[in-house]
Structure formats: C-alpha cells, structure tokens
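Q:
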Amino acid sequence: MLDLQCDGLDRLSQRFSAMPQAIRAALSQKRDALAQSVLASAQAKLSGEILSLRSGRLHDSLQTNPIGDFGAAIFSAGDVKYAAAQEYGFDGEETVSAHSRDIREAFGKAIDPKSIFVAEFSRRMRLPERSYLRSSLGEFEQDILRGFSEALEEVTQS
Numbered sequence: 014m015l016d017l018q019c020d021g022l023d024r025l026s027q028r029f030s031a032m033p034q035a036i037r038a039a040l041s042q043k044r045d046a047l048a049q050s051v052l053a054s055a056q057a058k059l060s061g062e063i064l065s066l067r068s069g070r071l072h073d074s075l076q077t078n079p080i081g082d083f084g085a086a087i088f089s090a091g092d093v094k095y096a097a098a099q100e101y102g103f104d105g106e107e108t109v110s111a112h113s114r115d116i117r118e119a120f121g122k123a124i125d126p127k128s129i130f131v132a133e134f135s136r137r138m139r140l141p142e143r144s145y146l147r148s149s150l151g152e153f154e155q156d157i158l159r160g161f162s163e164a165l166e167e168v169t170q171s
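Mapped onto the numbering used here, the consecutive letters of the sequence shown carry residue numbers 14 to 171.
(1) Evaluate Glu-100 with the Cβ neighbour count: other Cβ atoms within 10 Å of its Cβ, from every protein chain shown; 16 or more gives buried, anything less gives exposed.
(2) To the nearest angstrom, how far is it from the Cα of Leu-47 to the Cα of Gln-170?
(3) Could you compute how far the alpha carbon of Val-109 sits from the alpha carbon of Ser-68?
(4) Under a Cβ-count criterion, where at least 16 other Cβ atoms within 10 Å of its own Cβ denotes burial, should Ala-96 be classed as buried or exposed?
(5) Can you tell me which of Ser-60, Ser-74, Ile-116, Glu-107 puts its alpha carbon nearest to the alpha carbon of Glu-133?
(6) Taking DSSP's pairing of strands, which residues face Asp-115 in a bridge?
(7) DSSP three-state call for Glu-107: helix, strand or coil?
(8) Since Ala-98 is in the alpha helix (DSSP H), which residue starts that stretch and which ends it?
(9) Express the C-alpha separation of Ser-148 and Arg-117 in angstroms, rounding to a whole number.
(10) Mapping DSSP to helix, strand and coil, what is Arg-147?
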C-alpha cells in the first residue's frame, strides 16, 4: 500500500477556495476605479473639451452604477432630455411648446422690456454628434483591458 503525505495541502486548499472571492473583489474594485476615471473624462468633455459648460445640468447628471460583479454603466440621470441628442446627434423635426419670452429689442431697435407669448411651433433641427460618453470609453479601452489583467495577475500571484 502506498501512503502519500503532502505538507501544506490544507493551506493550498484554503488558498484555492478563497481565490474566487478574491478575484471577484479585485475585479470589482478595479471596475469601480476605472468607471470613475471614464466618468471624470466624460465630465471634462462637458466642461469645455467638446461642449461648453452652460448650466452644468448635463455635467452634473452623469452617474456611474455597478452592473453585476464586473460591469458598470455610466449614464445621464435625471431630466436632461438633450443628453442623447448631444451624444448621438439629431436631425429631424422638433416641436417647441408655447411659452412666453421677454424681449428688449424689436425690429432692431431697443424697447422697454416686454413679455410676449410665442405659440407652439415646429422647427427643423440639425445637431451634430458631440460624443462625450462613447469617446471617453474609447479613450480608456486599453486601460480597462490592462487594468483587469493586472488585477487578475495580482490576485493569482499573491
């Protein structure tokens, strides 16, 4: 009868048992860091690189959210209806609802401030694509791949 004894087998077994959890934790941590980097890049693009900052609503609406163990979403939250039009562009008809407008000039001449009513109307709109999210993600593509590879190497080597 052959009897084998291997020292450290229990330690090795524990290490292998803990590895899936360690891998999950390392990848989640790396995902969060990379998502914040992409988010910061997109917000920088909305602060003058691609679009000038006016009200800051689009800039402030960008958020990141984890998806499952390893995914992340960066999106425009809240009521910023023009976010998609800026990202993808828009070419079509737009309906402008009725509103009041304050005017200080009429027919090229200064007048006393006055509120006028503007009826609902449609207009043709051609808005070029000004990608802030997809371009940021594209810039970080290699960093994301490298980051996940490095995180896996660190866990498996420790």
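Virtual Cβ for every residue (Gly too), placed ideally from N, Cα, C.
A: Inspection of the coordinates gives the following:
(1) buried
(2) 22 angstroms
(3) 20 angstroms
(4) buried
(5) Glu-107
(6) Ser-128
(7) strand
(8) 96-101
(9) 41 angstroms
(10) helix
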